[in-house]
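Here the sequence shown stands for residues -29 to -1, 1 to 252, numbered as in mature numbering (1 follows the signal peptide of the UniProt record, and there is no 0).
Each remark here refers to the structure printed beneath this line.
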Amino acid sequence: MTKGALHAIRRSTSAAVLVASAAAFGGCAAPGPIDRAQQLVRMHEDQKAIATLREELVKHPDDIPARRLLVRVLAWTGDLDAARREVAELEKRMPNDPVPWIELGHAFELAHRFDEALAAYDTAAEKVPSSPQGPREGGMRCARWGESEEALPRLEEAVRRGARDAETLHALGLVRLNLRDYDGATEAYERGYAADPKSAENLLGLATVAVAKGDAAAALRAYDRLLAQRPSYGSAELGRAWALAKLGRKDEASKALDHAQELGAPAANIARQRASLAASK
């Protein structure tokens, strides 16, 4: 990946950390200052949002969710010095907690200073070695930036420290897949599916690994599991058709393509598979 492409990916993902839901900031009751500030940011009224949060913090200086959001809004406006001061206030109120350093990472990320953001996430990991939050945040951000080699040790450390959620394990599976560690990717996706059987992303990951390995039987099993959960997912039926064709079950593959078409799978992909199937008969 070129540096320009990587920078574009990083810029496109950095704004996503600006406004989280009120629940993510501690579940303050609505309507409240956090909700008002978030709405102001969405309306591009950043300075009014800052004023709203500062007013709240004068009244309630220990309102951690409000201060966390203030860090992000300040960083979004480019006032990193003010953001750092608010992070220092968070540190006073949250000793032995990775959150202040994670928020500093978000601040750097919003300012498009990505190396410093990653360093802050790594500091969060070092400051509180018992918590998975620091390595998880750094690993997830690296994964979203497409930096699989940087993401891998951080995500593995997060899991070692106790991160067992489906999202983290899916990211670990994707990173391992990108690095061609197919067995490791399969293990992560299976654990992610076990953590949340209602989430289809890890099943799709298992199917993707099987396709990458050319293991049609494993791919068919994964697509069958995925379709059992999401019967209207046309792309899964398309993948199932590919697996059936590879296994020599051509009549079933043809029927699967018909069903994929009914479900709205991409027409160009269906046409390619039909042509390949016809050529093999």
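Heads up, the beta-carbon is just placed ideally off N, CA and C, and yes, glycines get one too.
- Separation of the CB atoms of residue 46 and residue 15 is rounded to 16 Å, and the pair is thereby denied contact status at 8 Å.
- Residue state for residue 69 is assigned as coil, using DSSP reduced to three classes.
- Here residue 135 has 166 as same chain residues with Cβ atoms under 7 Å from its own Cβ, once five neighbours each way along the sequence are excluded.
- In this structure residue 70 is buried. Its beta-carbon is surrounded by 16 or more other beta-carbon atoms within 10 angstroms.
- Going by DSSP, residue 206 is part of the alpha helix (DSSP H) stretching over 205 to 217.
- If the five residues before and after residue 106 are omitted, its C-beta is found closer than 6 Å to the C-beta atoms of 96, 125, 128, 129, all from its own chain and listed in chain order.
- Of the residues 195, 25, 205, the one whose Cα lies closest to the Cα of residue 53 is 25.
- Between residue 197 and residue 215, the C-beta gap is not smaller than 8 Å, which leaves the two residues out of contact.
- Short of 8 Å from the beta carbon of residue 28, and not among the five residues preceding or following it, lie these beta carbons of its own chain, in chain order: 34, 37, 38, 41.
- Between residue 120 and residue 145, the alpha-carbon positions lie close to 11 Å from each other.
- Taken through DSSP and simplified to helix, strand or coil, residue 111 comes out as helix.
- Counting along the chain, the unbroken alpha helix (DSSP H) around residue 12 starts and ends at 4 to 13.
- Here residue 140 carries a helix assignment [DSSP, helix/strand/coil].
- Fully enclosed beta strand (DSSP E) runs of no fewer than 3 residues are not present anywhere in the segment 131 to 203.
- In the DSSP assignment, residue 24 falls within the unbroken alpha helix (DSSP H) covering 17 to 30.
- Pairing residue 190 with residue 178 gives a Cβ-Cβ distance under 8 Å.
- One alpha carbon belongs to residue 59, the other to residue 74, and they sit about 11 Å apart.
- CA-to-CA, the gap between residue 173 and residue 30 works out to about 45 Å.
- It is roughly 13 Å from the alpha-carbon of residue 148 to the alpha-carbon of residue 161.
- In the displayed model, residue 94 falls within a helix according to three-state DSSP.
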